[in-house]
Every structure is written in C-alpha cells, then in structure tokens.
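According to the working numbering, numbering within the sequence shown proceeds without interruption in unit steps and concludes at 334.
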Amino acid sequence: MTDFPALTLETPAEHPFAQFVRILGKGKRGARNLTREEAREAMGMVLDEQVEETQLGAFLMLLRHKEESAEEMAGFTDALRQRLEVPTLAVDLDWPTYAGKKRHLPWYLLAAKCLGQNGVRIFMHGGGAHTAGRLYTEQLLGFLSIPLCRDWQQVGTALDHGGLAFMPLVDWAPQMQRMIDLRNTLGLRSPIHSLARILNPLAARCGLQSIFHPGYQAVHREASGLLGDTAIVIKGDGGEIEINPDADSHLYGTTGGSSWDEEWPRLSEQRHVKPESLDPEHLKAIWRGDIEDSYPQLALIATMALALRGLGDTRDEALDKARQYWHARDRSI
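See the structure below:
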C-alpha cells in the first residue's frame, strides 16, 4: 500500500516576516518602500534570527532590485545599533573598507596610517575578501603594521597607542557578515554591502563613506542625516575611501541634519598611467620615501584632506595640514 502525504486541511499561519517580503515584492503597482519603522522591525527580526533562509534571500534581492531608500537604510541601522554592545570609545573617523582595490593600490591605508600618527583616531572595519582580482585591507594589515583587533578592548588599546584600529565585521556584527557572505550564493551583492558603510558603530565624530554606484551617494547622505550623524560620502576610487587625483570629486556632506555639497577639482592636470600590476611593496617604498611617485602621493594627501574636512577644516586648510603630516611622518614600517 502506498503512503501518500497528508492533505493540508487547515490554512497555516503566515510567518510574521512574510509581510515585509510582500511589501517589497507585490508587483509593479503594489510594491512600495518600507517605512523606517518597518525597516527597523524587519532588520531586527533578521538580526534576531527569526527569519527563514528563503525569506532572507528574497528580502535582500528584492531590496537590491528596487534599490533601498534612505528611510530603509536608517531603519536597518537603528535595528543594528539597538543590538550592538559597544564600549564608549573616543573616535574621530569611522572608516569602512569593504570594496577592495583592483586598478590602483590601496593608498587610503597609508593616508589613514599617517593621520593616526598625528592624533586622529580612526576605527576601520571591513567584511573580508569576497571578489576575485581585488586587494583587500585585511590582506595588508600585518604588512603595513596596522593593528588587527578582534575585540573592543584591543580596539581601544590600538587607538590609544597609534590612532588606527581595524576590526572585522564578523567580530562585532556576525549576522551582517553572514548576509555579506551570501553574495556567492545569490550571485549578486546585497544591500548589506552598502549598509555596512553607514553603521558607524562607535559614534565617530564623522563617518566617511565611498559609494561607487552613480547617483546613490545622495541617498547615503540622506540616511546618515536621518540618523543624526556627520558624514561625507564620495565616489571613491574602486569603491574605497580614496580620492582619485586625476578626477574631480564631489563631496556629499551632512552635518547636524543639514546637507551640504562641495566640488574638489582634480589635483593633476594630466591623467596618470594605470600600473600594470599591484605590488604591495610599492606601498612600503612610498611610505619610506625610497621612491617618488606622483599618483600615490597626490591620492593619499587628498584622502587625508578629505578626512580632515570631515573633522571641520576647510579644503585648503585640510590640504595644507595633510602635506605637513605626510612630510613629518615616522617612515619606519
């Protein structure tokens, strides 16, 4: 005798998270953005592991397809900040690094290192190597003597002793890292890559953000404004917080809930030739002053100036200070 599956005779209860998938996916006419409150509740359920894997995948890809709004990103950040257990640490700059570099070396790392030597306290965080052919911050920490911190106590010690600390996302927001790691399962980057740039977990005086997707910089600025954060958003080289000296840069700023914009003209009249390969030894050679190379020196000075602009200096003041910092750096590495 064949055993057949039992018939479903009673309507099963709907999963509480299903409403959020439905809001985003109810067709061209029925779908809409989540409100900030809905986004906070939805991300809270995700972080509390109250969501099925199929729901999470659908939710992330529906957000990716429509592109998340400023209100949604602010709500997602609200949910994470409510659940974070972080100490009170004095931090000047929140510096997310999630993209990796493929056309140029990560000169922003030397910029951050030089700023740290000069009393600027920088919390840097990233999500690991996730795309082939790119060079990531995590791969160069030991090489450049940048402290890798695996808990908040180590972060505090590193900030006190050198002004610069890197902590992997997996150590302070493992659920976020898990969602980032779904990239190779889903085939696309999810909105979590963008969200990680806004989080500013230690409430730094200024959050720096690099968003490569055209037109999306203003959305990030608006989200940070809704959160009451001070932030500067740029289209950085390769998606990292690094000024390209061969191109004009637009700064999307927000301070005290008010938005501001600033155009920074390129620092080089002629475009530099892209290097044929990325040799990390070149980073050390530039830091030690063993060689002169126009592009990296302009890039890291402009990037330092960007950071100092976020802390209140004007562009000209920031550039002058950045040049002074670079000239007087401790060249040992």
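Cβ coordinates follow ideal geometry from the N, Cα and C atoms, glycine included.
Computed from a prediction, not measured in an experiment: that's the story for all the values here.
In the DSSP output, what is residue i paired with across the bridge?
i: Ala-232; result: Gly-208 and Thr-255
i: Asp-95; result: Phe-124 and Gly-208
i: Glu-264; result: His-251
i: Lys-102; result: Leu-136
i: Leu-149; result: Phe-167
May I ask which residues mark the beginning and end of the alpha helix (DSSP H) holding residue i?
i: Pro-297; result: 295-311
i: His-194; result: 193-196
i: Tyr-326; result: 316-328
i: Lys-27; result: Neither: Lys-27 is in no alpha helix (DSSP H) and is coded neither H nor E.
i: Glu-241; result: Per DSSP, Glu-241 belongs to no alpha helix (DSSP H) and is neither H nor E.
i: Ile-334; result: No alpha helix (DSSP H) holds Ile-334; DSSP gives it neither H nor E.
i: Glu-73; result: 71-84
i: Lys-67; result: 54-67
i: Asn-185; result: 184-187
i: His-221; result: 218-227
i: His-283; result: 282-289
i: Gln-118; result: 109-118
i: Val-87; result: From DSSP, Val-87 is part of no alpha helix (DSSP H); its letter is neither H nor E.
i: Arg-37; result: 37-48
Locate the beta strand (DSSP E) running through residue i, then write down its first and last residues.
i: Pro-175; result: Not the beta strand (DSSP E): Pro-175 falls in the alpha helix (DSSP H), residues 175-181.
i: Leu-165; result: 165-169
With residue i and residue j assumed to form a contact (beta carbons below 8 Å), what rounded beta-carbon distance in angstroms separates them?
i: Leu-187; j: Met-62; result: 6 Å
i: Leu-312; j: Leu-111; result: Their Cβ separation, rounded to whole angstroms, is 19 Å, which puts Leu-312 and Leu-111 out of contact at 8 Å.
i: Tyr-99; j: Ala-197; result: 6 Å
i: Ala-19; j: Phe-77; result: Not a contact, Cβ separation roughly 18 Å.
i: Leu-309; j: Ala-323; result: 6 Å
i: Ser-191; j: Leu-183; result: 6 Å
i: Phe-124; j: Ala-205; result: 6 Å
i: Ile-302; j: Leu-279; result: Contact flag wrong, Cβ pair sits at about 20 Å.
i: Leu-170; j: Arg-122; result: Leu-170 to Arg-122, Cβ: 19 Å. No contact.
i: Met-74; j: Ala-224; result: 4 Å
i: Pro-202; j: Val-87; result: 6 Å
i: Ala-286; j: Arg-267; result: Their Cβ separation, rounded to whole angstroms, is 25 Å, which puts Ala-286 and Arg-267 out of contact at 8 Å.
i: Glu-263; j: Gly-257; result: Glu-263 to Gly-257, Cβ: 16 Å. No contact.
i: Gly-45; j: Ala-14; result: Rounded, the Cβ-Cβ distance is 20 Å, inconsistent with contact.
How should residue i be labelled, buried or exposed, when 16 other C-beta atoms within 10 angstroms of its C-beta is the threshold for buried?
i: Leu-10; result: exposed
i: Ser-260; result: exposed
i: Asn-245; result: buried
i: Phe-60; result: buried
i: His-105; result: buried
i: Asp-238; result: buried
i: Gly-128; result: buried
i: Phe-144; result: exposed
i: Thr-138; result: buried
i: Gln-210; result: buried
i: Lys-103; result: exposed
i: Arg-37; result: buried
i: Val-1; result: The displayed coordinates of the chain run from 2 to 334. Any statement about residue 1 would go beyond what the structure contains.
i: Ser-333; result: exposed
i: Ser-290; result: The question names Ser, but residue 290 in the sequence shown is Gly. The residue is exposed, with fewer than 16 neighbouring Cβ atoms inside 10 Å.
i: Thr-55; result: exposed
i: Gly-164; result: buried
i: Leu-189; result: exposed
i: Val-274; result: exposed
i: Pro-17; result: exposed
i: Gly-130; result: Note on residue identity: the sequence assigns Ala, not Gly, to residue 130. Exposed.
i: Arg-222; result: buried
i: Glu-69; result: buried
i: Ser-355; result: Here the chain covers residues 2 to 334 and nothing more, so residue 355 does not appear.
i: Thr-132; result: exposed
Measuring only from the beta carbon, is residue i closer than 7 Å to any heavy atom that is part of the ligand PLP?
i: Asn-245; result: In terms of ligand content, the structure shown is empty, and the ligand PLP therefore cannot be addressed.
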